[in-house]
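Enquirer: According to the working numbering, the sequence shown is numbered sequentially starting from 7. Yeah, the Cβ is synthetic: ideal placement off N, Cα and C, and Gly gets one too. Computed from a prediction, not measured in an experiment: that's the story for all the values here.
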Amino acid sequence: MSEPATPAAPPAAQPAPPAPDLDRIERELAGVEAALARLDAGTYWTDEVTGAPIPEAHLAAHPIARRAPE
């Protein structure tokens, strides 16, 4: 008779994923909410400080931008 097989070792414990950066997530959410409010108000494409238009390409790259690039 053969000996019983040795049970397999349990899988190594995986390290816990890093905790989400809740402050960063909340800031991003606030930026999105502000951008949506500017869309509703019709001011999304306008620099909040100078009143200058924000280029479409800049908003495409940075959709929550509040200022035109300098």
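#1: Locate the alpha helix (DSSP H) running through Arg-44, then write down its first and last residues.
#2: State the Cα-Cα distance for the pair Ala-66 and Ala-18, rounded to the nearest angstrom.
#3: At the level of alpha carbons, what is the spacing between Glu-34 and Ala-14?
#4: Could you check how far apart the C-beta atoms of Ala-58 and Ala-74 are, in whole angstroms? I think they sit under 8 angstroms.
Expert: So, to answer that:
#1: 28-47
#2: 44 angstroms
#3: 46 angstroms
#4: 5 angstroms
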